[in-house]
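Asker: Here's a structure for you.
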Amino acid sequence: MLILGLNTYHADSAACLVMDGKLVAAAEEERFRRVKHWAGFPAMAAAYCLDAAGVSMRDVQHVTLNRSLSANLVRKGLFVLTRWPGVAALGDRLRQMRKDVGVEQEIDRHLIQGGDGSGSSSGGAGRRAFRIHAVEHHRSHLASSFLVSPYDSATVVSVDGFGDFVSTMWGEGQGGRIRVAGRVFFPHSLGLLYLAVTQYLGFWSYGDEYKVMGLAPYGKPRYMHAMRQLVRPVSGGRFELNLSCFVHHADGVSMQWNNCAPVIGKAYSPGLISLLGPERQPQDAIEERHCDIAASLQEAYEEMFFHVLRHAYACTQNPVLCLSGGCAMNSVANGKIYEATPFRRIYVQSAAGDGGGAIGSAFYLWNTRMGEPRNQVMDHAFWGPAFSNEQIEVLLHQKAKALQDNGCQWQRISDERALCSRVAEAIDAGWVVGWFQGRMEWGPRALGNRSILCDPRRADMKDILNAKIKRRESFRPFAPAILREAVSDWFEQDDEVPFMLQVYPIRSHKRALIPAVTHVNGTGRLQTVRLEQNPRFYRLIQAFQERTGVPILLNTSFNENEPVVCKPEEALACFLRTQMDMLVMADWVVERVRQPKEKALG
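The opening residue of the sequence shown carries number 1 in UniProt numbering; numbering runs sequentially from there.
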């Protein structure tokens, strides 16, 4: 039984393939298109998934979508009758509906006829018929976390912008079933609240909310009075926005989802400016006031988020939480769940946002609708393409002149212990290392297979990284990857966090030892690494610990203002156009001959 799960015509378009209840492959379209958050039909991601399984579209019996036109129809109708949204909003919705209806034609064009030239091996005539199943957006989110979690029962919560007229959903998962206990309907949304204030602060690119989350610790929550006029809790775990400060419920927010980088129009009204003061333009300097507004937004979000979680717990009395939705990417709030709620275990899938809905809809069909037993636990994120030593060797020979012109030398180190020792030595010497190994990660985080790695002990490493490669805002932190057994020695919380989606305080006496991964407020966005999850990355961190006594590496995504690299060609191109010191692709090590000779810790 083959199920192709899709997130289509939305940001982070993605595909996965489930075979007899086991995940075979999953990837986001942006990695192939090289456009961040690419929105459209995920033709290349779907073709990859089919190729990874050695099957064609003719073999697929079911296709699932993480959105359903029929969901919450009564609510939608009542809203239109009572509030009659603007022409632009209705036009956007009608265009989206036409795309949803046309998915079967898109599958035929891209995956059967091969019309987009994506290189799919799944083409050919006489395909076997497949059925398309629409799964409500937030049910897909809930399934994407719970049905691949290690827990047989859990409280389930999804929080995001909007999907199928809902922004928040909670309930309980038992076995393969999900019981919904409550929802927050359009037009009230914590994701929309965060988006609007993010735009107000001058961050307009899709997904820039994480920048505001990183900025917040530099300010004080001095605008809480204003924030509490923007959003307030109501009974039953719900909340309400002050709609006079937003436009989505009336005029609508323009959105571009058609085979492009997603673009979202202004979500706030002049009422927000009246409440908070002049808006920041993207070219303006960041002032103390902006930091304070960011801090206030984060605190207001957390108040409402924990209000929802506490009510969800009251409904289930289950101390295990499976969290999903775009707002589940707010790792700062996630790191406070234990202290703010009764929950004692948390699971957040690596692609918690809309891309993860591809997995959710597929497993919802398999486990919930078909009643098949659960047999998939997602304890790692490595579901994308992999490349062999032989493929990499061919590339290096092809690019030999470019490498020589850039003062590079390369060699193969087949002994893994020797390889890890050599790379640990380079990181100890202050080098910036591109680390390209195994299957690409699923979700937005680089977790040790498409990573840039550095020494966390260097106080100047953030500046070095930004100067050499990343060129990003100075207030954004870098994350620590740590051996799982060492977490309690370095962090104030001993938790399993394989997907870098929780922020915890670093122990006060350890912060000065790892300044490159310690944020201004003494926290770190934790990634735990187990031997069985990623053996080579684990052994590299272990080799660094043997040299330095520190079981931690600075881990950031392997990219330069682009999607994380997918192929060796992209990794090598990034290495050559930046000032990266070393590139490790499988067993192949590429070094720039000109290197700093001495080790200098800041």
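All C-beta atoms, glycine included, are put in the ideal place defined by N, C-alpha and C.
(1) Should residue 613 and residue 481 be called a contact, given that it needs their Cβ atoms to be closer than 8 Å?
(2) How many angstroms separate the CA atom of residue 329 from the CA atom of residue 215?
(3) Compare the beta carbon distance of residue 413 and residue 581 with 8 Å and say whether it is the shorter of the two.
(4) Report, in whole angstroms, the separation of the C-beta atoms of residue 164 and residue 71, which I expect to be a contact under 8 Å.
(5) To the nearest angstrom, how far is the alpha carbon of residue 499 from that of residue 357?
(6) Just checking my contact of residue 547 with residue 424 at CB under 8 Å: how many whole Å lie between their CB atoms?
(7) For residue 122, count the other beta carbons within 10 Å of its own beta carbon; 16 or more makes it buried, fewer makes it exposed. Which is it?
(8) Residue 260: buried (16+ other C-beta within 10 angstroms of its C-beta) or exposed?
(9) Quick one: is residue 561 buried, meaning 16 or more other Cβ sit within 10 Å of its Cβ, or exposed?
(10) Go ahead and label residue 579 buried or exposed: buried means 16 or more other beta carbons lie within 10 angstroms of its beta carbon, across all protein chains shown.
(11) I believe residue 239 touches residue 247 by the beta-carbon criterion, under 8 Å. Please report the beta-carbon distance rounded to the nearest angstrom.
(12) Compare the C-alpha of residue 514 against each of 543, 534, 471 and 462 and name the closest.
(13) By the DSSP assignment, the beta strand (DSSP E) with residue 22 in it spans what residues?
(14) Give me the Cβ distance between residue 39 and residue 56, rounded to the nearest whole Å; I'm assuming they're in contact under 8 Å.
(15) Measure from the alpha carbon of residue 369 to the alpha carbon of each residue in 331, 361 and 404, then state which is nearest.
(16) By DSSP, does residue 263 sit in helix, in strand, or in coil?
(17) Locate the alpha helix (DSSP H) running through residue 494, then write down its first and last residues.
(18) Can you list, in chain order, the residues of its chain whose CB lies under 7 Å from that of residue 272, leaving out five sequence neighbours each side?
(19) Relative to the alpha-carbon of residue 203, which residue among 237, 286, 139 and 189 has its alpha-carbon at the smallest distance?
(20) Which of the three DSSP states is assigned to residue 52 in this structure?
(21) Could you give the C-beta distance for residue 554 and residue 453, rounded to a whole number, given that I count them as a contact under 8 Å?
(22) Provide the residue span of the alpha helix (DSSP H) that contains residue 531, from first to last.
(23) What residue range does the beta strand (DSSP E) around residue 239 cover?
(24) Where are the alpha helix (DSSP H) runs, 4 residues long or more, that stay fully inside the region 305 to 337, in chain order?
(25) Excluding the five sequence neighbours on either side, which residues of its own chain have a C-beta within less than 8 Å of the C-beta of residue 228, listed in chain order?
(26) Quick one: what's got a C-beta closer than 7 Å to residue 399's C-beta in the same chain, skipping five residues either side?
(27) With distance defined between alpha-carbon atoms, name the residue in 213, 408, 146 and 49 nearest to residue 473.
(28) In chain order, what residues of the same chain have a beta carbon less than 6 Å from the beta carbon of residue 343, not counting five sequence neighbours either side?
(29) Which value, in whole angstroms, describes the spacing of the CA atoms of residue 392 and residue 521?
(30) Considering only their Cβ atoms, is the gap separating residue 166 from residue 137 smaller than 8 Å?
(31) Drop a sphere of 10 angstroms on the beta-carbon of residue 433, count the other beta-carbons inside from all chains shown, and report buried for 16 or more, exposed for fewer.
(32) In whole angstroms, give me the CA-to-CA distance for residue 277 and residue 194.
(33) As an exercise, report each continuous alpha helix (DSSP H) stretch of at least 4 residues that is fully enclosed by the region 395 to 453, in chain order.
(34) Which residues in the same chain have their Cβ closer than 6 Å to the Cβ of residue 583, if we skip the five residues on either side of it in sequence?
(35) State the Cα-Cα distance for the pair residue 25 and residue 429, rounded to the nearest angstrom.
(36) Given residue 405, which residues of its chain have a CB within under 6 Å of its CB, disregarding the five upstream and five downstream residues?
Answerer: Put simply:
(1) Since the first residue of the chain shown is 1 and the last is 602, residue 613 is not available in this structure.
(2) Here the alpha carbon of residue 329 sits roughly 15 Å from the alpha carbon of residue 215.
(3) Cβ atoms of residue 413 and residue 581: not closer than 8 Å.
(4) Right, their Cβ atoms sit about 4 Å apart.
(5) Taking the straight line from one Cα to the other gives about 17 Å.
(6) Right, their Cβ atoms sit about 5 Å apart.
(7) Only weak support exists for where residue 122 lies, its pLDDT of 43 falling under 50; the coordinates are left without a value.
(8) Counting Cβ neighbours within 10 Å, residue 260 comes out exposed, since fewer than 16 surround it.
(9) It counts as exposed.
(10) Label assigned to residue 579: exposed.
(11) That pair is no contact at about 19 Å.
(12) Nearest of 543, 534, 471 and 462 to residue 514, Cα basis: 462.
(13) Looking at the DSSP string, the run of the beta strand (DSSP E) that includes residue 22 is 22 to 28.
(14) Not a contact, Cβ separation roughly 26 Å.
(15) Of the candidates 331, 361 and 404, 361 places its Cα closest to the Cα of residue 369.
(16) Residue 263 sits in a strand when the DSSP states are folded into three classes.
(17) It is not in any alpha helix (DSSP H) - residue 494 carries neither H nor E in the DSSP assignment.
(18) In chain order, 196, 200 and 245 place their CB closer than 7 Å to the CB of residue 272, counting only its own chain and leaving out the 5 sequence neighbours on each side.
(19) The shortest C-alpha separation from residue 203 is found at 286.
(20) The answer is helix: DSSP assigns residue 52 an H, G or I state.
(21) Taking the Cβ atoms as the reference, residue 554 lies roughly 7 Å from residue 453, within the contact range of under 8 Å.
(22) Element bounds for residue 531: n/a, residue is neither H nor E.
(23) Looking at the DSSP string, the run of the beta strand (DSSP E) that includes residue 239 is 238 to 241.
(24) Whole alpha helix (DSSP H) segments, 4+ residues: 331 to 334.
(25) The answer, listed in chain order, is 300.
(26) Answer for residue 399: 572, listed in chain order.
(27) When only C-alpha atoms are compared, the closest one is 213.
(28) Leaving aside the five residues that flank residue 343 on each side, the residues in its chain whose CB is nearer than 6 Å to its CB run, in chain order, 319, 321 and 337.
(29) When rounded, the distance between both Cα atoms is 42 Å.
(30) It is a contact, given that the beta carbons lie within the stated cut-off.
(31) Residue 433 should be labelled buried.
(32) The alpha-carbon of residue 277 is positioned some 17 Å away from that of residue 194.
(33) Listed in chain order, the complete alpha helix (DSSP H) runs (minimum 4 residues) inside the region 395 to 453 are 400 to 405 and 416 to 428.
(34) Closer than 6 Å at Cβ, skipping near neighbours: 434, 575 and 590.
(35) Near 37 Å, if we compare the C-alpha coordinates of residue 429 and residue 25.
(36) The answer is none, since no qualifying residue turns up.
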